[in-house]
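Worksheet: the structure to be examined is printed underneath.
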Amino acid sequence: MAVPIPGRRVQRTNRAQGYVGENGLRLEYPGKKPVQDILSTAPGCYVPAETWGSGENRLYHSDNLPVLAALARDGSVAGKVRLVYIDPPFATAATFESRKQKHAYDDHLVGPAFVESLRERLIWIHRLLADDGSLYLHLDERMVFHFRVILDEIFGEQNYRNCITRKKCNPKNYTRKTYGNVSDYVLFYTKTDTYVWNRPVEPWDDARAAKEYDYVDEHGRRYKKVPVHAPGVRNGQTGGPWRGKMPPPGKHWQYPPATLDEMDARGEIYWSPTGNPRRKIYLDDSTGVPLQDIWMDMRDAHNQNIRITGYPTEKPSALLERIIEASSDPGDLVMDCYAGSGTMLAAASDLGRRWIGVDRSDEAIEATIRRLQHGTERMGDFVNGDPQPTTLRLFDTSDFTLYVETGSEEDSPAPDPGDVQADASDVAFQLAR
Ligand SMILES: C[S@@+](CC[C@H](N)C(=O)[O-])C[C@H]1O[C@@H](n2cnc3c(N)ncnc32)[C@H](O)[C@@H]1O
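All letters in the sequence shown, in the order written, are residues 618 to 1050 by the working numbering.
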């Protein structure tokens, strides 16, 4: 595999006209609003409907746009959200029902209307994120490519981190003249280049470890040999000789000669019979296999023993746990403003994060409350008749307040003097047009 040599990236920033993405790409479509117009969205007014426990977690039963605009005025939230995961409708032009055939939500927006609706929300989400915060946007092949461009516009191309491919289901018997579709995607962006990152790893299994770490030293420690040089020419010490040898053409030593000497003294360098040095990397120094960007182990519920709420398009808890653990720390504030059955919120509670959830569907709010109070049910129970609720979590582990929209501003609490006002003057320069 060819290893590219990192070069300097050309950044085209025009402060007067605004940042237009590193490569200047934009997605144009009818009805695309100026950022300024989006940021003048009227904030919604909300009052607590019911409180479970005394925790500060918030569940909003509302369209998410006015909620996001209201949260941007809330000094305890704006700029403090460490992680946002959203799994919006995917522009399927379909209606979704729960397993008990109750209407859950309509996914009727398609084309430019879909793009603009989600873009508006993402602009607000960008404002709510902490400087070291992350966004994960779950979509499928219908809209993910459009949103790679839209998110580059909002977050800046330099803050794109990954497009994770998830295997969502087992192969099906496909009748269309195409390859079977078993994947969807999660776009991962961060607000800046300094962000919370707890590298996820998978444990080594014996076969894989033996294949990759294929040598054993005199103490029985498994290791592999890797080059001691890297691509690119350097003029300093790493470009000069070590032990009388120059790095190969077009390469440089990975460490200065003094460090290489120390490594050699510790027995960390292997010398081939022809005198070529290689670094020894030991298996027992590895915390596990760093997770890559194809996730095969996060399929949607696929057998009768898996616990679910029965809400349509519900994502697996393990997927959310992985994302929450990688991109936030205990005590952090996380948000899902397309919460559905509350998979993200329940996982956040379990992992000791504070959370904000939003959904406009009655069925979603019911499913979330049921899940937070009683846990989930075996998928099989739904098929076999009356489900027996299984109390997996008690509400004291998921303290939250349900907020509902109120028509009048008087009903909502007066803003805190420290609250942030949602004027457009401090819009991140990435957003300016
Ligand atoms: C794909 S589902 C989310 C499923 C969720 N990840 C889960 O695991 O259960 C999308 C959700 O977004 C909600 N939704 C769509 N548009 C919304 C909007 N403008 N404001 C609030 N919720 C919205 C729908 O009601 C639906 O529950």
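A virtual CB, placed ideally from N, CA and C, is assigned to each residue, including glycine.
Give me the Cβ distance between residue i and residue j, rounded to the nearest whole Å; I'm assuming they're in contact under 8 Å.
i	j	result
arginine 839	alanine 826	7 Å
threonine 993	cysteine 662	Contact flag wrong, Cβ pair sits at about 33 Å.
tyrosine 753	valine 803	5 Å
tyrosine 646	aspartate 749	Not really, about 32 Å apart at Cβ, beyond 8 Å.
valine 818	glycine 696	Not really, about 31 Å apart at Cβ, beyond 8 Å.
threonine 855	tyrosine 832	Not confirmed; about 26 Å, so no contact.
proline 683	threonine 658	7 Å
arginine 690	threonine 1018	Not a contact, Cβ separation roughly 18 Å.
glutamate 714	proline 929	6 Å
tryptophan 888	proline 874	Wrong, their Cβ atoms sit about 15 Å apart, outside the cutoff.
serine 945	arginine 699	5 Å
alanine 964	glutamate 938	5 Å
alanine 956	alanine 981	6 Å
glycine 797	lysine 789	6 Å
isoleucine 740	valine 652	6 Å
Strictly by DSSP, which residues pair up with residue i?
i	result
leucine 768	DSSP, once it has assigned bridges, lists no residue as partnering leucine 768.
asparagine 779	Phe805
glutamate 667	Leu1019
aspartate 979	None, per the DSSP bridge assignment.
serine 751	Leu700 and Thr807
threonine 712	Asp723
valine 906	Glu819
tryptophan 972	Val951
leucine 756	Tyr802
alanine 847	His869
tryptophan 888	Pro894
lysine 784	Ser800
glutamate 994	Ile925
tryptophan 912	Arg783
tryptophan 814	According to DSSP, which records beta bridges pairwise, tryptophan 814 is partnered with nothing at all.
valine 833	Arg839
lysine 862	Trp859
tyrosine 899	Tyr840
If you follow the alpha helix (DSSP H) that residue i is part of, which residue opens it and which one closes it?
i	result
valine 652	652 to 655
threonine 960	960 to 967
asparagine 790	Looking at the DSSP string, asparagine 790 is not in any alpha helix (DSSP H), and its letter there is neither H nor E.
methionine 880	874 to 882
Does the distance from the CB of residue i to the CB of residue j come in under 9 Å?
i	j	result
arginine 924	valine 951	no
histidine 743	valine 1021	no
serine 934	threonine 960	yes
leucine 936	tryptophan 912	yes
arginine 916	cysteine 786	yes
aspartate 769	leucine 656	no
arginine 851	threonine 926	no
arginine 736	leucine 685	no
threonine 795	phenylalanine 772	no
histidine 755	aspartate 704	yes
glycine 849	lysine 868	yes
threonine 985	leucine 968	no
serine 903	tryptophan 821	yes
phenylalanine 707	serine 751	no
asparagine 922	arginine 816	no
tyrosine 777	isoleucine 940	no
threonine 727	leucine 644	Checking the sequence, you will find valine at residue 727 rather than threonine. The answer is no: Cβ separation not under 9 Å.
leucine 900	tyrosine 830	yes
leucine 746	leucine 688	no
threonine 782	aspartate 801	yes
aspartate 953	valine 975	yes
Can you name the start and end residues of the beta strand (DSSP E) that residue i belongs to?
i	result
asparagine 674	674 to 678
glutamate 733	Looking at the DSSP string, glutamate 733 is not in any beta strand (DSSP E); the run it does join, the alpha helix (DSSP H), is 728 to 745.
arginine 939	Premise fails: arginine 939 lies in the alpha helix (DSSP H), 934 to 944, not in any beta strand (DSSP E).
proline 683	Counting along the chain, proline 683 falls outside any beta strand (DSSP E), though it belongs to the alpha helix (DSSP H) covering 681 to 688.
(message) Check whether the stretch 726 to 746 and the stretch 755 to 766 are in contact - that is, three or more C-beta pairs closer than 8 Å.
(response) yes
(request) Kindly confirm or deny that the stretch 903 to 911 and the stretch 705 to 725 touch, where touching means at least three C-beta pairs closer than 8 Å. (result) no
(message) Is it the case that the stretch 884 to 897 contacts the stretch 833 to 847, given that we only count it when at least three CB pairs across the two stretches are under 8 Å?
(response) yes
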